[in-house]
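Colleague: Dumping the structure here so I can ask a few things about it.
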Amino acid sequence: RPTHTSPALDTQSLWQKDKDHFIHPFTDFSTFHEEGCDLITDSEGIYVQDSRGNRFIDGIAGLWCVNVGHGRAEIGQAMADQATRMAYFSTFNNLSNAPASELAAKLAELAPAHLNHVFYSCGGSTANDATIRLVHYYFNRLGKPDKKRILSRNNAYHGTTYLAASLTGIESNNWDFDTLDHLVTHLSEANCYRRPEGMSEVEYCDHLVKEFEDAIAEIGADNIAAFIAEPIMGAGGVLVAPEGYLKRMQAVCRANDILLIADEVVTAFGRLGHFFASEAVFDTQPDIINCAKGLSSGYAPLGATLISDELYEVLGTPQRKGGVLSTGFTYSGHPVSCAAALKNIEILERESICENVREVGPYLEERLKTLSHHATVGDVRGSHFMMCLENVADKATKDLLPVEARVGDRVAAEAQRRGLIIRPVGHLNIVSPPLIWTRDTVDQVIAILDEALAATTASLKEDGYL
Ligand code: PLP
279 RPTHTSPALD TQSLWQKDKD HFIHPFTDFS TFHEEGCDLI TDSEGIYVQD SRGNRFIDGI
339 AGLWCVNVGH GRAEIGQAMA DQATRMAYFS TFNNLSNAPA SELAAKLAEL APAHLNHVFY
399 SCGGSTANDA TIRLVHYYFN RLGKPDKKRI LSRNNAYHGT TYLAASLTGI ESNNWDFDTL
459 DHLVTHLSEA NCYRRPEGMS EVEYCDHLVK EFEDAIAEIG ADNIAAFIAE PIMGAGGVLV
519 APEGYLKRMQ AVCRANDILL IADEVVTAFG RLGHFFASEA VFDTQPDIIN CAKGLSSGYA
579 PLGATLISDE LYEVLGTPQR KGGVLSTGFT YSGHPVSCAA ALKNIEILER ESICENVREV
639 GPYLEERLKT LSHHATVGDV RGSHFMMCLE NVADKATKDL LPVEARVGDR VAAEAQRRGL
699 IIRPVGHLNI VSPPLIWTRD TVDQVIAILD EALAATTASL KEDGYL
């Protein structure tokens, strides 16, 4: 439990200021203008606390990111030390700083063997955005300027800069926003739960690979730069692809001179039990891996694009006399963020947190599956510390409840009332906890979810939805 409390906050005034002036990302304005926001004021370990003093088990690691857990004083100290010694200086024009250099070498050590070069950004969206610019630049340099199109997937989430939002395939995320459609083509997501009726998982995998090959035939490999994929799709519903899918997609990429970009913003830094999942879990060797979130466990904003030796050979030579690699951010390689990441990685290693995920993860999966008996739980899926419940109206038909039933919100609210925060995404509920959950934590969480799901079924019945 939190052992410290924040200095007294004028919560009424903060609530008002927030409501009047803070445009929150992904705000639901249908309730915001009346209700405003809950303030989260304190945190420690697996817990967060709101301004009213309610304490919750954090079931979403902040936003899939606080991998080492909350309140790590030594990360705070490392950041403070760096901020007081040298908080910021440029990394443009052949200048660098100690934490950025150290971290680049550490990432090269942790990543698959051929990924030895790091381009820093400010988070996941900017990592993906920068990556696409670099990939286009790479093919321009190779004299293949037509290789521009990026193949992504429906329900993918790659962020919300213009380009990252265009890669994103969750339809509702782009309602009334524009996207760069000339640059991106979306393939089907790999959704085993909702795969075509009568298709085995093996046949489904064949079907998805064939769709990829057909898209290449139609667009032309000469016009395609890369295929980008989350090894397990996160915000789009924690979709675990059929066995061997990613490896087969990689083979198609290789055969067609298409780069494979793994968006490991969620899956890296332990969530699936390894620092990077691409090779360790899925036996693939992407040309580029992007990471953010767990890289610094959310203690400071940071993203990184890990680039292969082969690509670096091209990117690392001037495009013309007097030319420089003219892309990057003021905060690329920010010393305080990199110091946070270094300490975070030290903790992950020292406390064998990946091992904890490999041990407790299967237990979390097994225990969550015991909730399948609830009327609304159509599917429990995911892997290790990346899990999801899909709520349905009818398990046999897999029909969904009407949107206005807000089933994901109901389950999340019932869980929160009982001391657990999980994330509602439409009709889904996501569980993506700090990686320090133990078996005991899992038991507590399952007891809460069991009650929350029962209460949800009762309220849906009362309101005539079931
Ligand atoms: N890629 C993936 C797979 C993500 O899940 C996210 C965020 O959730 C992003 C990219 C975007 O990261 P950020 O919000 O740090 O820009």
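With the first letter of the sequence shown counted as 1, position 325 gets the number 603 in this note's numbering; the numbers rise by one all the way through.
Every residue, glycine too, gets a C-beta built ideally from N, C-alpha and C.
Given the structure is predicted, the values throughout are model-derived calculations rather than measurements.
Specify the secondary structure class of Cys569 as computed by DSSP and reduced to three states.
Modeller: strand
Colleague: Which residue comes first and which comes last in the beta strand (DSSP E) that contains Cys666?
Modeller: Met664 to Asn669
Colleague: Using only the alpha-carbon positions, how far apart do Leu517 and Asp288 sit?
Modeller: 42 Å
Colleague: Where Glu588 and Ser574 are concerned, what is the direct C-alpha to C-alpha distance, given to the nearest angstrom?
Modeller: 27 Å
Colleague: Please determine whether the Cβ atom of His299 lies at a distance below 7 Å from any heavy atom of the ligand PLP.
Modeller: no
Colleague: Would you mind stating whether Val228 and Ala504 have Cβ atoms separated by less than 8 Å?
Modeller: Because the chain spans 279 through 744 in this model, residue 228 falls outside it and cannot be assessed.
Colleague: For the putative contact between Ile353 and Lys621, defined by C-beta atoms under 8 Å, what is the C-beta separation to the nearest angstrom?
Modeller: The C-beta separation of Ile353 from Lys621 comes to about 5 Å, placing the pair in contact by the 8 Å criterion.
Colleague: Hey, how far is the Cα of Lys739 from the Cα of Pro680?
Modeller: 13 Å
Colleague: Hey, would you say Gly512 sits closer than 8 Å to Tyr435, going by beta carbons?
Modeller: yes
Colleague: Using 8 Å as the limit for Cβ to Cβ distance, is Ile536 near chain B?
Modeller: Checking the listed chains, one finds no chain B in this structure; it contains a single protein chain.
Colleague: Starting from the C-beta of Asn375, find all residues in its chain whose C-beta is less than 8 Å away, skip the five residues before and the five after it, and write them out in chain order.
Modeller: Closer than 8 Å at Cβ, skipping near neighbours: Met364, Phe367, Thr369, Gly611, Pro613 and Cys616.
Colleague: Taking 7 Å as the cut-off, does the CB of Tyr435 come closer than this to any heavy atom belonging to the ligand PLP?
Modeller: Within 7 Å of the C-beta of Tyr435 there is at least one heavy atom belonging to the ligand PLP.
Colleague: Just to confirm, does Asp336 get its C-beta within under 7 Å of one of the non-hydrogen atoms of the ligand PLP?
Modeller: Taking non-hydrogen atoms of the ligand PLP into account, the C-beta of Asp336 is found less than 7 Å away from none of them.
Colleague: Are the CB atoms of Ser586 and Asp561 within a distance shorter than 8 Å?
Modeller: no
Colleague: Of all the alpha helix (DSSP H) runs that stay within the bounds of the region 394-429, which reach a length of 4 or more residues?
Modeller: The qualifying runs are 402-419.
Colleague: With a Cβ-Cβ cutoff of 8 Å, do Thr409 and Asn534 count as a contact?
Modeller: no
Colleague: Please tell me whether, using a cut-off of 7 Å, the distance from the CB of Val543 to the nearest non-hydrogen atom of the ligand PLP is below it.
Modeller: yes
Colleague: Output the distance between the C-alpha atoms of Val709 and Met664, rounded to the nearest integer angstrom.
Modeller: Cα-Cα distance, rounded: 6 Å.
Colleague: If you draw a straight line from the alpha carbon of Thr281 to that of Glu322, how long is it in whole angstroms?
Modeller: Residue placement at Thr281 is poorly supported in this model, since its pLDDT is 48, which falls under 50; the coordinates still yield a value, given next. For Thr281 and Glu322, the distance between alpha carbons rounds to 8 Å.
Colleague: Can you have a look at Phe397 and say buried or exposed, based on whether 16 or more other CB atoms are within 10 angstroms of its CB?
Modeller: buried
Colleague: Might you give, ordered along the chain, the residues of its own chain that have their beta carbon closer than 6 Å to the beta carbon of Lys647, omitting 5 neighbours on each side?
Modeller: Val658
Colleague: Looking at Val689 and Thr734, is the spacing between their C-beta atoms short of 8 Å?
Modeller: yes
Colleague: Looking only at its own chain, which residues have a Cβ that is under 8 Å from the Cβ of Val592, when we skip the five neighbours before and after it?
Modeller: Tyr416, Arg419 and Leu420
Colleague: Any heavy atom of the ligand PLP within a distance shorter than 7 Å of the CB on Ser575?
Modeller: no
Colleague: Could you tell me how far apart the beta carbons of Leu698 and Gly337 are, in whole angstroms, since I believe they sit closer than 8 Å?
Modeller: 5 Å
Colleague: Three-state secondary structure (DSSP) at Ile623?
Modeller: helix
Colleague: Could you check if Asp306 is buried or exposed, using at least 16 other CB atoms within 10 Å of its CB as the buried criterion?
Modeller: exposed
Colleague: If we require 3 or more residues per run, which beta strand (DSSP E) segments fall completely within the region 317-404?
Modeller: Listed in chain order, the beta strand (DSSP E) elements of length 3 or more contained wholly in the region 317-404 are 318-322, 325-328, 333-336 and 393-399.
Colleague: Where Leu667 and Leu580 are concerned, what is the direct C-alpha to C-alpha distance, given to the nearest angstrom?
Modeller: 29 Å
Colleague: Return the CA-CA distance between Arg279 and Asn371, expressed in angstroms with no decimal places.
Modeller: Bear in mind that a pLDDT of 38 at Arg279, under 50, signals an unreliable position, so the model cannot answer this.
Colleague: Taking C-alpha atoms, which residue in Ala383, Ile502 and Val480 lies nearest to Leu429?
Modeller: Comparing C-alpha distances from Leu429 to each of Ala383, Ile502 and Val480 shows the shortest one belongs to Ile502.
Colleague: Since Asn451 and Ala443 should fall inside the 8 Å C-beta cutoff, what is the C-beta to C-beta distance between them, to a whole number of angstroms?
Modeller: 7 Å
Colleague: Return yes when at least one heavy atom of the ligand PLP lies under 7 Å from the C-beta of Ala570, else no.
Modeller: yes
Colleague: Do Gly354 and the ligand SAM come close, with the Cβ less than 7 Å from some heavy atom?
Modeller: Annotation note on the ligand SAM: not contained in the displayed structure, which lists the ligand PLP as its ligands.
Colleague: Check whether the Cβ atoms of Ile623 and Ile714 sit closer than 8 Å, and answer yes or no.
Modeller: Going by C-beta atoms, Ile623 is not nearer than 8 Å to Ile714.
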